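Numbering (this note's numbering), first residue to last: 59 to 388. Down below is the structure, laid out as structure tokens.
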DNA sequence: ACTACGCAGCCAATGACATC
DNA sequence: GATGTCATTGGCTGCGTAGT
């Protein structure tokens with residue numbers, strides 16, 4: 059059976075092709091009776107617009123690219139929260155999402171953008187010196203970054219204010235009377251790569267600790283139980299007076315708690331723990347935490363990209379972190 | 001003023017035909 | 001036979017306008 063085109067709908071409804079187009083796009087007023095006749099024909103014939111033809115005529119693909127590197131040390135559940143939120147929000151703006159991983163490198167981004175396959179790009183896991191950033195400046199298509207590169211001039215970026223997040227955690231522990239605190243961060247490779255959020259959390263944490271005259275250390279943290287356990291043991295061997303720990307590593311949170319238990323240190327009686335992680339993880343373990351608002355970040359990123367597609371100015375956004383106090387700190 | 005129509009144009013792929 | 005030129009094709013959008 060031949061696919062149904064807009065011409066079939068027009069014939070069936072007894073109107074012009076352009077009238078059908080206007081009914082469907084809503085860009086011009088069409089009388090209620092004509093409108094209903096067209097919509098009935100659409101339903102009866104089972105018409106769906108041809109995306110290729112629509113892109114040809116409108117110069118809009120109604121597709122955005124989500125560039126997601128899937129590098130070592132990334133936390134997949136959090137990444138999926140972002141991706142889900144991006145796809146759902148894009149649908150609200152009548153856009154679909156093309157998922158790109160990093161295997162193809164900058165060439166892949168260039169190819170997809172230059173071929174008019176997508177109208178705009180969303181980049182996740184942006185590094186401080188991201189090689190993709192210079193490319194984005196040259197591209198005709200608008201883009202939004204989730205994460206901040208070193209030089210964000212002329213770019214639209216969205217992120218949680220991780221510097222503040224690190225500081226808030228240190229401040230909370232200080233207010234609860236802790237004098238010696240530690241940050242267990244992302245895996246080492248993440249710092250070596252220059253991923254902004256990891257570095258900024260550490261900087262904010264250490265700066266706030268210095269400000270409040272605390273003794274503070276920050277160490278990277280792997281994700282298998284054995285590695286976490288030995289890191290935690292080393293930490294307490296080196297700093298026996300440690301009573302406050304901030305964990306900025308979703309995958310390691312559970313292991314850190316297990317390792318503390320194994321060392322005979324009770325939470326929160328002996329050690330207070332603050333996590334920077336999605337709410338569901340913190341909720342499950344009743345941890346005091348700063349939420350990573352993946353859902354909101356994805357939504358805001360799409361919103362900004364859509365604004366840019368409409369030619370509107372779109373400034374960068376830093377979301378203010380919020381601390382939720384649960385049972386793991388005292 | 002309002003409604004709906006006609007038609008040019010969007011761009012890459014393909015076919016028809018001419019030239020080397 | 002390979003190569004070049006040009007018109008046509010596809011589904012849809014949106015400007016300009018005819019008919020009330």
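Beta carbons: idealized from backbone N, C-alpha and C, even for Gly. Remember, it's a predicted structure, so these values are computed and weren't measured experimentally.
In terms of DSSP beta bridges, what is residue 180 paired with? Within the first chain, numbered from 1, the residue matching residue 180 stands at position 122. Answer is 124 and 202, bridged to residue 180.
Does residue 240 come out as helix, strand or coil in the three-state DSSP assignment? Here residue 240 refers to the residue found at position 182 when the first chain is read from its first residue. It is a strand residue.
CB of residue 381 within 8 Å of CB of residue 226, strictly: Position 323 of the first chain, counting from 1, holds the residue named residue 381. Position 168 of the first chain, counting from 1, holds the residue named residue 226. Going by C-beta atoms, residue 381 is nearer than 8 Å to residue 226.
Residue 184: which of 103, 262, 127 and 281 sits nearest, CA to CA? Looking up residue 184 in the first chain gives position 126. Answer by Cα proximity: 127.
In this structure, how does DSSP classify residue 185 when only helix, strand and coil are distinguished? The residue given as residue 185 occupies position 127 in the first chain. The answer is strand: DSSP assigns residue 185 an E or B state.
Suppose only complete runs of 4+ residues qualify. What are the alpha helix (DSSP H) ranges in the segment 297–362, listed by chain order? 311–320 and 337–342
Given a cut-off of 8 Å on the beta-carbon distance, is the pair residue 281 and residue 228 in contact? As a working mapping, residue 281 is identified with position 223 in the first chain. As a working mapping, residue 228 is identified with position 170 in the first chain. No.
Measure the Cβ-Cβ separation of residue 264 and residue 290 and say whether it is below 8 Å. Here residue 264 refers to the residue found at position 206 when the first chain is read from its first residue. Here residue 290 refers to the residue found at position 232 when the first chain is read from its first residue. Against a cut-off of 8 Å, the Cβ pair of residue 290 and residue 264 comes out as no contact.
By alpha-carbon positions, which one of 273, 164, 138 and 91 ends up nearest to residue 197? Counting from 1 along the first chain, the entry for residue 197 is found at position 139. Comparing Cα-Cα distances from residue 197 to each of 273, 164, 138 and 91, the minimum goes to 164.
Strand pairing of residue 215, partner residues [DSSP]: Counting from 1 along the first chain, the entry for residue 215 is found at position 157. 203.
With H, G and I counted as helix, E and B as strand and the rest as coil, what does DSSP make of residue 364? For this step, residue 364 is matched to residue 306 along the first chain. Three-state result, residue 364: helix.
Could you name the residues of the same chain whose beta carbon sits closer than 7 Å to that of residue 359, not counting the 5 residues immediately before and after it, in chain order? For this step, residue 359 is matched to residue 301 along the first chain. These residues qualify, in order along the chain: 144, 180, 202, 204 and 216.
What residue range does the alpha helix (DSSP H) around residue 64 cover? Residue numbering aside, residue 64 sits at position 6 when the first chain is read from its first letter. Here the alpha helix (DSSP H) through residue 64 covers 64–71.
Could you work out which residue in 287, 296, 327 and 292 is closest to residue 312 when comparing CA atoms only? What you label residue 312 is simply residue 254 of the first chain in a count that begins at 1. Per the Cα distances, 287.
Counting only the same chain and skipping the five closest in sequence on each side, list residues whose C-beta sits under 7 Å from that of residue 367. If you number the first chain from 1, residue 367 lands on position 309. So the list reads 177, 178 and 200, once near-sequence residues are dropped.
Label residue 139 either buried or exposed according to how many other C-beta atoms from any shown protein chain fall within 10 Å of its C-beta, with 16 as the threshold for buried. Indexing the first chain from 1 puts residue 139 at position 81. Buried, because 16 or more other Cβ atoms sit within 10 Å of the Cβ of residue 139.
Same chain only: Cβ atoms within 8 Å of residue 117, ignoring 5 sequence neighbours per side: As a first step, residue 117 is located in the first chain; it is residue number 59 there, counting from the start. If we look at residue 117 and ignore the five residues flanking it on each side, its Cβ neighbours are 174.
With 16 other CB atoms within 10 Å as the buried threshold, where does residue 162 fall? The residue you call residue 162 lines up with position 104 of the first chain. Exposed, since its Cβ has fewer than 16 Cβ neighbours within 10 Å.
If the criterion is Cβ atoms closer than 8 Å, does the pair residue 330 and residue 231 meet it? Walking along the first chain from the start, residue 330 turns up at place 272. Walking along the first chain from the start, residue 231 turns up at place 173. Yes; because the gap between Cβ atoms is below 8 Å, this pair is in contact.
Whole-angstrom distance between residue 122 and residue 131, CA atom to CA atom: As a first step, residue 131 must be located in the first chain, where it is residue number 73. As a first step, residue 122 must be located in the first chain, where it is residue number 64. Between residue 131 and residue 122, the C-alpha separation is close to 26 Å.
For residue 357 and residue 61, which I take to be in contact (beta-carbon distance under 8 Å), what is that distance rounded to the nearest angstrom? For the purposes of this step, residue 357 is taken as the residue at position 299 of the first chain. For the purposes of this step, residue 61 is taken as the residue at position 3 of the first chain. Contact flag wrong, Cβ pair sits at about 34 Å.
For residue 258, count the other beta carbons within 10 Å of its own beta carbon; 16 or more makes it buried, fewer makes it exposed. Which is it? By one-based count along the first chain, residue 258 stands at place 200. Buried, by the Cβ-count rule.
Residue 93 versus 133, 314 and 72, residue with shortest Cα-Cα distance: As a working note, residue 93 is residue 35 in the first chain. Residue 93 has its Cα closest to that of 72, out of 133, 314 and 72.
Whether residue 334 touches residue 306 by CB criterion (8 Å): What you label residue 334 is simply residue 276 of the first chain in a count that begins at 1. What you label residue 306 is simply residue 248 of the first chain in a count that begins at 1. Their beta carbons are under 8 Å apart, which means residue 334 touches residue 306 by this criterion.
Quick one: grab the DSSP three-state call for residue 382. As a first step, residue 382 must be located in the first chain, where it is residue number 324. Three-state result, residue 382: strand.
If residue 300 and residue 238 are in contact, beta carbons under 8 Å, what's the gap, nearest whole angstrom? Here residue 300 corresponds to residue number 242 of the first chain, with the count starting at 1. Here residue 238 corresponds to residue number 180 of the first chain, with the count starting at 1. Contact holds; Cβ gap of about 5 Å.
Taking the alpha-carbon positions, what's the residue 129 to residue 244 distance? Position 71 of the first chain, counted from the first residue, corresponds to residue 129. Position 186 of the first chain, counted from the first residue, corresponds to residue 244. Roughly 13 Å between the two C-alpha positions.
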